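Per my numbering, the sequence shown starts with residue 2, numbered consecutively. Note that the Cβ used here is the ideal one computed from N, Cα and C, for glycine as well. None of these values were measured; they are calculated from a predicted model. Right, one structure below, let's go through it.
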Amino acid sequence: RLLKDRPVRLDRGEDHYNVTSALIKSLRGSDPDAALHWLARLIDGGEDPTYIARRLIIFASEDVGNADPRALSVAVDVARAVERIGLPEGRIPLAQAVTWLATCPKSNASYLAINAALADVKRHGPLPVPLHLRNAPTREMKAEGFGEGYENPHEAPDRIVRQQYLPDALTDRQYYQPAPHGAEKTILERMTWWAKRLDERD
């Protein structure tokens with residue numbers, strides 16, 4: 002009986018990473034039952050609960066993102082709870098986070114967007130900030146054209162203006178492409194509406 006009830010300790014090498022990978026992939030695949038199984042394996046195997054919570058925070062941004070912005074808050078709150086109460090009670094908020102994240106709509110659009118933006122920064126280096134976007138706290142800077150021509154969106158109809166915000170070499174880049182579901186569907190609709198309104202004004 003004692004042997005039967007002994008926890009199945011994780012090997013700190015391959016098992017540690019394989020079971021963690023299985024948890025993340027089950028969350029990504031929207032399978033709460035499989036995710037709970039791998040969570041139980043991690044807990045029973047003696048994994049540090051704060052490590053599990055950190056992985057859930059990363060997942061909330063990387064794989065759920067703006068499809069459900071509440072996911073990050075849930076994951077962060079659960080991490081705080083786990084730090085306060087530890088195990089065994091910490092398994093309960095961890096299970097809450099896992100079931101929530103598994104059943105959220107998914108989007109990795111923000112993850113892909115920052116990776117693409119970083120790739121451009123590495124490829125092109127520190128491109129100059131367009132003059133109209135530069136800060137102009139001194140008379141000399143204003144004389145050099147800093148801030149000249151900037152349009153404040155708060156002073157425009159619908160709070161939007163057609164204005165270049167990217168460096169000259171990257172004016173056609175679109176890094177963020179919202180998913181057409183979850184909360185990102187609303188973001189996509191808003192961005193589409195903005196583009197339509199600007200086209201109507203031109």
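{"Check": "For H133, which three-state DSSP category applies?", "Outcome": "helix"}
{"Check": "Would DSSP call G66 helix, strand or coil?", "Outcome": "helix"}
{"Check": "Which class does T139 belong to by DSSP, given the choice of helix, strand or coil?", "Outcome": "coil"}
{"Check": "Return the Cβ separation of L132 and E152 in integer angstroms, given the expectation that the two are a contact with Cβ distance under 8 Å.", "Outcome": "Actually they do not touch by this definition, with Cβ atoms about 13 Å apart."}
{"Check": "Considering only their Cβ atoms, is the gap separating V75 from W39 smaller than 7 Å?", "Outcome": "no"}
{"Check": "Compare the C-alpha of P179 against each of G91, L134, P127, P106 and name the closest.", "Outcome": "P106"}
{"Check": "Measure how close the beta-carbons of Y166 and A117 come, nearest whole angstrom, since I'm counting them as under 8 Å.", "Outcome": "So it is not a contact: roughly 16 Å between Cβ atoms."}
{"Check": "Could you tell me whether the region 61–76 touches the region 190–199, where touching means 3 or more Cβ pairs closer than 8 Å?", "Outcome": "no"}
{"Check": "Would you say D64 lies against chain B (beta-carbon separation less than 7 Å)?", "Outcome": "Of the protein chains in the structure, only one exists, and it is not chain B."}
{"Check": "Below 6 Å CB to CB, which residues in the same chain sit around Q164 once its five sequence neighbours on both sides are set aside?", "Outcome": "E152"}
{"Check": "Near V162, which residues of its chain fall below 7 Å by C-beta distance, leaving aside the five closest residues on each side in sequence?", "Outcome": "E152, P154"}
{"Check": "If you draw a straight line from the C-alpha of A98 to the C-alpha of D16, how long is it?", "Outcome": "22 Å"}
{"Check": "Below 7 Å CB to CB, which residues in the same chain sit around A184 once its five sequence neighbours on both sides are set aside?", "Outcome": "N67, A68, D69, P70"}
{"Check": "If you scan the region 75–100 from start to end, which runs of the beta strand (DSSP E) of 3 or more residues do you find wholly inside it?", "Outcome": "none"}
{"Check": "How is the alpha helix (DSSP H) around F60 delimited, first residue to last?", "Outcome": "50–60"}
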